[in-house]
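Please read the structure below before turning to the comments.
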Amino acid sequence: MDNFFSVIIILGALLLVASLKTTFKVCKKTSQRAWSVLLCAIVCFILGYWWILYYFSNYDTAPIIRNAVATILFGGAGFVFLVVKLSLKSILKIEQATQYQKYQTEHDNLTTLPNRNNFFKSLSKQVDYPSSFALFYIDLNNFKQINDAFGHQCGDQLLAAFANKLSKELCGIAKLYRIGGDEFAFLLNTDTDESMAHCVNIINSAVKAPFCTHEQMVKIQLSIGVSRFPDDSRLPDQLLKKANLALHEAKKTFQPLVNYSPEIGKRAEDFFDLSVKIKAALHKGEFELYLQPIMNSKDIQLHGLEALIRWPQADGSFISPEKFISVAERTGLIFVLSKWVVQEAVNHIRKLKLFGFSGTIHVNLSTKDIESSEFYEFIISLLTTDPTLSDSLIFEITEGAMMTNIPAARKMMQQLSMRGFKFSVDDFGTGFSSLSLLRELPINQIKIDQSFIKDMLINPPDYAIVESTLFLASRLNCDVVAEGIETKEVEQALLSMNCDYLQGYLYSKPINIDEFINVYLSTEKVS
Ligand code: C2E
Ligand code: MG
Ligand code: MG
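Numbering (the working numbering), first residue to last: 1 to 527.
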């Protein structure tokens with residue numbers, strides 16, 4: 001046997017052994033039977049190699065035939081080696097891509113924390129075990145404002161820095177997940193008061209120092225809602241929902257942490273029921289707009305009126321606007337409701353004008369209305385049908401509503417006052433920094449809150465507030481309406497202080513339009 005034959009046969013055999021090893025790896029990664037068949041074929045190929053080697057060693061054959069057979073066999077071995085090697089490479093690449101995709105679907109890009117899907121998987125697994133645990137749901141307070149003030153890039157950096165810090169602090173205790181936006185959650189494998197308190201201390205220490213992002217030092221404050229397994233629920237989605245409800249309660253009541261309780265659940269249920277009822281009531285046209293007169297203090301005659309929404313019930317009672325307006329605000333239904341109120345007020349003005357009414361109608365707006373450009377467009381669209389409308393409408397906005405978003409309030413109020421509309425600060429004195437509002441916003445009128453009027457004759461501080469508000473308003477060229485007047489004595493006191501306009505049960509409770517026309521306007525229509 002010559003050297004060429006020996007070398008090529010040995011190389012071919014080595015290639016086959018290497019292919020065998022690679023095919024074995026592929027077989028372990030895939031469940032396809034074809035690869036096991038290939039594995040057997042390679043083993044047969046190797047046996048065939050040894051048989052050929054044995055044959056040519058023992059039987060004399062022409063070198064040219066021997067070398068040709070060896071070359072063909074080597075080519076076959078090389079082919080098998082290449083196919084198997086490339087297949088393994090492709091399988092590994094696909095495996096890597098799948099793993100990456102899996103990572104992406106289970107992790108959050110910004111913070112690299114495991115995400116909501118991942119959290120829900122862990123939560124679902126955890127409820128299969130009998131041991132109790134607590135679900136912590138965390139939300140950053142005022143994150144929207146931070147984003148607005150410093151920009152989204154800074155907001156992102158802040159989230160990443162916070163996530164990094166808190167997950168490090170919680171290391172060994174719990175795994176932190178990003179649920180979405182500025183919401184995070186984790187499961188604490190015990191719900192004893194001591195371990196919960198320890199955990200809260202850890203969270204507090206993580207946000208004690210301000211975070212430095214984009215050369216800004218930003219202090220973070222958190223709200224936390226907690227639900228417990230199995231006391232609050234045995235179902236993963238219920239536990240998450242209940243922790244979320246507790247979190248909302250924490251935000252609403254300005255508490256750092258709230259544990260879920262059945263009362264919180266009941267309130268949420270009532271809230272949901274009421275929002276469904278409001279939607280249906282809007283659809284069925286159940287709301288009515290009542291009118292309460294505002295009297296001119298000079299002659300105690302009708303000057304204007306305030307439109308107040310009423311929701312009559314089947315049993316003859318009314319649901320208080322204070323109750324359903326806040327629900328409408330939180331569910332976004334307020335836009336439809338406020339548009340209905342304004343449209344109905346416009347209809348009322350038209351009707352009242354036919355009976356000789358020439359005063360103004362006050363309409364209450366909510367915080368959300370003054371933030372909405374759609375609502376602004378709606379008001380402007382009303383002017384196209386009646387350009388004199390702005391002389392008849394005064395918008396009442398509570399001090400609190402103006403304070404919630406001063407830039408938005410300023411923009412909307414300035415734009416509307418350029419179109420001739422006037423603004424009145426409702427419930428003046430009940431919010432914070434009332435005085436700076438008067439400087440910053442185009443305000444024409446102040447309505448002193450009824451809580452000051454009611455007891456002004458028996459409570460000297462209330463009297464002093466009413467007196468100084470009247471003085472301040474006169475210096476700022478604002479009209480003043482005193483609301484909630486119920487007695488002649490209070491009326492007299494306000495007259496002696498030169499209060500411009502008076503409103504209260506002393507004159508009339510809010511009444512429907514027909515009654516209003518009957519009592520205050522001539523029954524003869526003005527032609
Ligand atoms: P508000 O705008 O300050 O309205 C005055 C509230 O005081 C009215 O209660 C009125 O019925 C009541 N009131 C008037 N005079 C007296 C009085 O002499 N004594 C007493 N005890 N109360 C008096 P109402 O109608 O229950 O409305 C409560 C609040 O609900 C309103 O306070 C206003 O903030 C809101 N609201 C009412 N209607 C609307 C509306 O159409 N849209 C919006 N966004 N809010 C509304
Ligand atoms: Mg009002
Ligand atoms: Mg008021």
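Cβ coordinates follow ideal geometry from the N, Cα and C atoms, glycine included.
Model, not experiment: these values are computed from the prediction.
Open item on the list: Less than 8 Å between the C-beta atoms of L539 and V207, yes or no?
Closed with: No answer is possible for residue 539: the residues shown for the chain start at 1 and end at 527.
Task: Start-to-end residues for the beta strand (DSSP E) that takes in P262 - done: Unbroken run through P262 is the alpha helix (DSSP H), P262 to K284; no beta strand (DSSP E).
Open item on the list: Can you tell me whether S530 sits near ligand 1, meaning its C-beta is under 7 Å from at least one heavy atom of the ligand?
Closed with: This structure leaves residue 530 out entirely; the chain is present only between 1 and 527.
Open item on the list: In the DSSP assignment, the beta strand (DSSP E) including D427 goes from what residue to what residue?
Closed with: K422 to F428
Open item on the list: Does A185 come out as helix, strand or coil in the three-state DSSP assignment?
Closed with: strand
Open item on the list: What residue range does the beta strand (DSSP E) around R66 cover?
Closed with: First-last for R66: P63 to E106, but that is the alpha helix (DSSP H), not the beta strand (DSSP E).
TODO: Keeping to the same chain, check which residues put their C-beta closer than 8 Å to that of K323; ignore five residues upstream and five downstream.
DONE: L274
Task: Nonlocal neighbours in the same chain, by C-beta distance under 7 Å from V341, ignoring five residues either side - done: L289, A307, I309 and V363
- [ ] May I have the straight-line CA-CA distance separating G285 from M412, to the nearest angstrom?
- [x] 28 Å
Open item on the list: I need the boundaries of the alpha helix (DSSP H) containing W300, first residue and last residue.
Closed with: It is worth fixing the name first, because residue 300 is Ile in this sequence and not Trp. First-last for I300: undefined, no H or E at that position.
Open item on the list: Does the distance between the C-beta of T398 and the nearest non-hydrogen atom of ligand 1 fall short of 7 Å?
Closed with: yes
Open item on the list: For ligand 2, is there any heavy atom lying closer than 7 Å to the beta carbon of N364?
Closed with: yes
Open item on the list: Just checking D426 against ligand 2 - is the residue's beta carbon closer than 7 Å to any of the ligand's heavy atoms?
Closed with: yes
Open item on the list: Beta-carbon within less than 6 Å of S227's beta-carbon, same chain only, minus the 5 sequence neighbours each way: which residues are those?
Closed with: L135, L239, K242, A243 and Y260
Task: Minimum C-alpha distance to Q216 - residue among N147, K165, E269 and E183 - done: N147
- [ ] Kindly examine ligand 1 and report whether one of its heavy atoms sits closer than 7 Å to the Cβ of F483.
- [x] The question names Phe, but residue 483 in the sequence shown is Glu. Correct: E483 has its Cβ closer than 7 Å to ligand 1.
- [ ] Have a look at T98, F186 and N118 and flag the residue whose alpha-carbon is nearest the alpha-carbon of E106.
- [x] N118
- [ ] Identify the continuous alpha helix (DSSP H) that holds V363 and give its terminal residues.
- [x] Taken as a continuous stretch (DSSP letters only), V363 belongs to no alpha helix (DSSP H), being part of the beta strand (DSSP E) at T360 to L365.
Open item on the list: If you measure between the beta carbons of Y507 and M196, is that distance less than 8 Å?
Closed with: no
TODO: Please report the Cβ distance between I446 and V425, rounded to the nearest whole angstrom; I am assuming they are in contact, meaning their Cβ atoms lie under 8 Å.
DONE: 5 Å
Task: Whole-angstrom distance between G181 and I264, CA atom to CA atom - done: 24 Å
TODO: Find the nearest neighbour of L354 within the set I513, D237, K277 and N444, judged by alpha-carbon distance.
DONE: I513
- [ ] In angstroms with no decimal places, state the Cα-to-Cα distance between A209 and F162.
- [x] 11 Å
Open item on the list: What would DSSP say about T469, mapped onto helix, strand or coil?
Closed with: helix
Task: Heavy atom of ligand 4 within 7 Å of L308 beta-carbon - done: Of the ligands one can find in the structure shown, namely ligand 1, ligand 2 and ligand 3, none is ligand 4.
TODO: Sort out for me which residues DSSP pairs K447 with in a bridge.
DONE: V481
TODO: Alpha carbon to alpha carbon, how far is V83 from I64? Give it in angstroms, no decimals.
DONE: 29 Å
Task: Proximity to H198 [Cα-Cα], best of D139, I173 and T360 - done: I173
TODO: Could you check if A328 is buried or exposed, using at least 16 other CB atoms within 10 Å of its CB as the buried criterion?
DONE: buried
Open item on the list: Checking 8 Å against the spacing of the C-beta atoms, do F184 and I138 come in under that value?
Closed with: yes
Task: Completely contained beta strand (DSSP E) runs for the region 154-182, where each covers 3 or more residues - done: 177-180
Open item on the list: Does the contact criterion of 3 or more C-beta pairs under 8 Å hold for the region 32-40 versus the region 91-110?
Closed with: no
- [ ] Ignore the nearest five residues each way along the sequence and tell me which others in F56's own chain have a CB closer than 6 Å to its CB.
- [x] R66
- [ ] List the residues that DSSP assigns as beta-bridge partners of E306.
- [x] Q292 and H362
- [ ] Look up D514 in the DSSP assignment and say whether it is helix, strand or coil.
- [x] helix
Open item on the list: Pull the bridge partners of Q503 from the DSSP assignment, please.
Closed with: E483
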